């Protein structure tokens with residue numbers, strides 16, 4: 185339909201012709217599809233809504249991240265997918281899917297920070313997919329993409345709840361170094377919760393690019 189619209193508009197003066205929407209083009213260039221050994225990281229689709237709602241509706245997940253409501257409904261999932269594809273969330277959001285069958289496993293993201301030189305990584309996996317190395321594999325793919333394609337990025341930050349030992353293990357396997365502690369608001373808990381803060385700078389990433397040494 186867009187192609188037909190643009191063709192029909194060619195007879196109009198240039199100032200009256202509709203301008204093509206480049207937002208999705210920018211999104212694709214900034215958040216390209218990523219392939220790893222077992223995973224495909226891509227933009228969330230409408231077809232993910234049912235699996236997203238099912239996996240995310242889990243207090244064991246919601247209480248370990250900051251902005252996930254609980255209960256998590258199909259409406260929440262649909263709104264998340266819509267806002268992600270509309271560019272309203274303001275960060276690079278990926279669906280984590282399995283390469284061999286396309287199964288939806290969870291989500292991960294890179295969020296720009298105000299200084300313009302820092303990203304914050306976040307991720308979650310559905311409970312059936314815990315303890316299989318998927319989190320580390322997805323994080324490696326995101327980190328490599330960020331440092332290889334974004335020359336302005338000097339460091340990537342990660343935060344996790346003090347009690348979230350598996351997430352801390354992923355962070356440490358990726359080479360992040362402990363920076364300190366703090367508090368964040370947890371939507372599912374309805375309260376502030378303690379977190380630990382980690383950072384991976386570009387120099388460290390360059391020295392650890394052979395990710396096999398970290399696994």
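In our numbering, the protein residues as written are 185 to 399. Built from N, CA and C at the ideal position, the CB exists for glycine as well. On a predicted model such as this, the values are computed, not experimentally measured, just so you know.
Worksheet item: What's the C-alpha gap between residue 319 and residue 354?
Response: 7 Å
Practice prompt. Output the residue ranges of the beta strand (DSSP E) runs that lie fully inside the region 306-369 and measure 3 residues or longer, sorted by chain position.
Written response: 339-345
Fill in: Beta-carbon gap between residue 229 and residue 241 smaller than 9 Å
Taking a C-beta distance under 9 Å as the contact criterion, residue 229 and residue 241 do not qualify as a contact pair.
Item to complete: If I'm right that residue 382 touches residue 342 with Cβ under 8 Å, what's the distance once you round it to whole angstroms?
Response: 5 Å
Worksheet item: Near residue 290, what residues of its chain come up, given a Cβ to Cβ distance below 6 Å and the 5 sequence neighbours on each side ignored?
Response: 280, 308, 309, 310
Worksheet item: Hey, how far is the Cα of residue 285 from the Cα of residue 219?
Response: 14 Å
Fill in: Helix, strand or coil at residue 390 [DSSP, three-state]
helix
Worksheet entry | Counted within 10 angstroms of its Cβ, other Cβ atoms place residue 217 as buried (16 or more) or exposed | exposed
Discussion item. Rounding to the nearest angstrom, what Cα-Cα distance links residue 340 and residue 236 in this structure?
Written reply: 26 Å
Worksheet item: Roughly how many angstroms lie between the CA atoms of residue 207 and residue 250, to the nearest whole one?
Response: Only weak support is given to the placement of residue 207: the predicted model assigns it a pLDDT of 40, under 50, and the question is left unresolved by the model.
Worksheet item: Any idea what DSSP makes of residue 272, helix, strand or coil?
Response: coil
Worksheet item: At which residues does the alpha helix (DSSP H) containing residue 225 begin and terminate?
Response: Segment 223-226 is the beta strand (DSSP E) holding residue 225; no alpha helix (DSSP H) there.
Discussion item. Less than 8 Å between C-beta atoms, sequence neighbours within five positions excluded: which residues of the same chain meet that for residue 362?
Written reply: 380, 381, 382
Worksheet item: Does the separation of the CB atoms of residue 278 and residue 239 fall below 9 Å?
Response: no
Item to complete: For residue 380, name the three-state secondary structure that DSSP assigns.
Response: In the structure shown, residue 380 sits in a strand (DSSP, three-state: E or B).
Fill in: Top-ranked residue by Cα proximity to residue 304, from 269, 245, 275, 271
275
Discussion item. Quick check on residue 248: buried or exposed, where buried means 16 or more other Cβ atoms within 10 Å of its Cβ?
Written reply: buried
Worksheet entry | For residue 368 and residue 287, the rounded distance between their alpha carbons | 31 Å
Fill in: Whole-Å CB distance - residue 261 paired with residue 372, under 8 Å assumed
Here residue 261 is actually not in contact with residue 372; their C-beta atoms are around 15 Å apart, not less than 8 Å.
Worksheet entry | Rounded C-alpha distance that separates residue 300 from residue 356 | Cα to Cα, residue 300 sits roughly 24 Å from residue 356.
Fill in: Chain-order list of residues whose beta-carbon lies under 6 Å from that of residue 388 (same chain, five-residue window excluded)
359
Discussion item. Tell me the rounded alpha-carbon separation between residue 335 and residue 313.
Written reply: 33 Å
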